[in-house]
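Input: a single structure, listed below in structure tokens.
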Amino acid sequence: MHRIKILFLLFVSGFVFSQTPINTDRPDQSDGVYVLPKNKMQIENGFTFAEKTALNNFMFRYGLSGSTEIRALLDFGMQNSEKGLLPATFSIKQRIVSQKGIFPAITFSGYVSSGYLASKAFHNHEFTFSFITAFENKITDSFAVSYNIGTSSFHKDILFTACFNYAFSEKLTGFAEYFSNFEKTLKPNHNTDFGLLYLMNSNFQIDLATGISIAEQPNLFVTTGISFRL
Numbered sequence: 005m006h007r008i009k010i011l012f013l014l015f016v017s018g019f020v021f022s023q024t025p026i027n028t029d030r031p032d033q034s035d036g037v038y039v040l041p042k043n044k045m046q047i048e049n050g051f052t053f054a055e056k057t058a059l060n061n062f063m064f065r066y067g068l069s070g071s072t073e074i075r076a077l078l079d080f081g082m083q084n085s086e087k088g089l090l091p092a093t094f095s096i097k098q099r100i101v102s103q104k105g106i107f108p109a110i111t112f113s114g115y116v117s118s119g120y121l122a123s124k125a126f127h128n129h130e131f132t133f134s135f136i137t138a139f140e141n142k143i144t145d146s147f148a149v150s151y152n153i154g155t156s157s158f159h160k161d162i163l164f165t166a167c168f169n170y171a172f173s174e175k176l177t178g179f180a181e182y183f184s185n186f187e188k189t190l191k192p193n194h195n196t197d198f199g200l201l202y203l204m205n206s207n208f209q210i211d212l213a214t215g216i217s218i219a220e221q222p223n224l225f226v227t228t229g230i231s232f233r234l
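Here this note's numbering is used: the first residue of the sequence shown is 5, the next is one more, and so on.
Written out as structure tokens, the structure reads:
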């Protein structure tokens, strides 16, 4: 009898997990604080279109442990009249702490891009490193604020994002975001975007977003994609 109860509880817990909605790092520019559970896999794929740019953005995520995931990011397409695979990027994401009261959830992400792993048009002999700390405050069941701060190129620039997320329903979520890149030798690069995410089911999501660079010559971009959890 006890064995039957244990099997039933395991079945129910597995069913509940399978109904937990997928959580993605696209289509916004912010890293989320969510980390995949151990041995779970997730694919996030999208297309970005802008002036002189048409790229396929692919991300593979794998839960290495209960608090750590590893990722591979591949962008390929056309950029500034050049075509092919851009430098491949590999990342590790580590949960630091969950939200407790007013104190935010915190996750750390490290990235390395290799110019050796790129098509001829984008090939180089450089490695680029980026480090991002992600924060999130869930204000209500429907509303959350997330923000990132990071650096790349060995402190040559500072990256910052702020994203406001609102769940209109169990399936539809919207966001509005500001993101920027402050470089020592150039003017700050200010940008804003907003979009929608729709859950087809707990493991499959579609998204659509658009944004614009707030500069002397604004650059509009559109991105759309799908994500699914295995």
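Cβ atoms here follow ideal geometry from the backbone N, Cα and C, with glycine treated the same way.
Asked                                                                                                      : Found
Separation of glycine 50 from glycine 58, as counted between CA atoms                                      : At residue 58 the sequence reads alanine, which differs from the glycine that was named. Distance between the alpha carbons of alanine 58 and glycine 50: 11 angstroms.
Buried/exposed call for leucine 234, threshold 16 Cβ in 10 Å                                               : exposed
Rounded distance between the beta-carbons of threonine 72 and isoleucine 96, thought under 8 angstroms     : 7 angstroms
CB of lysine 44 within 8 angstroms of CB of glycine 67, strictly                                           : yes
Contact check, serine 34 vs threonine 165, beta carbons under 8 angstroms                                  : yes
Strand pairing of alanine 54, partner residues [DSSP]                                                      : Thr57, Phe225
Nearest-angstrom Cα separation, counted from asparagine 152 out to asparagine 185                          : 12 angstroms
Nearest residue (CA-CA) to lysine 124, options Ser113, Ser146, Leu89, Val116                               : Leu89
Distance between serine 173 and serine 150 (C-alpha atoms, nearest Å)                                      : 19 angstroms
Neighbour-count burial assignment, glycine 36, 16 or more Cβ in a 10 Å radius                              : buried
Distance CB(serine 231)-CB(isoleucine 106) smaller than 8 angstroms                                        : no
3 or more residues per run - each beta strand (DSSP E) lying fully within the segment 81-143               : 86-89, 92-101, 109-118, 131-142
Residue environment, aspartate 145, which counts as buried when at least 16 other CB atoms sit within 10 Å : exposed
Phenylalanine 53: CB within 7 angstroms of a non-hydrogen atom of the ligand NAD                           : In the structure on display, the ligand NAD does not appear, and there are no ligands present to speak of.
According to DSSP, residues forming a beta bridge with serine 173                                          : Answer is none; serine 173 lacks a bridge partner.
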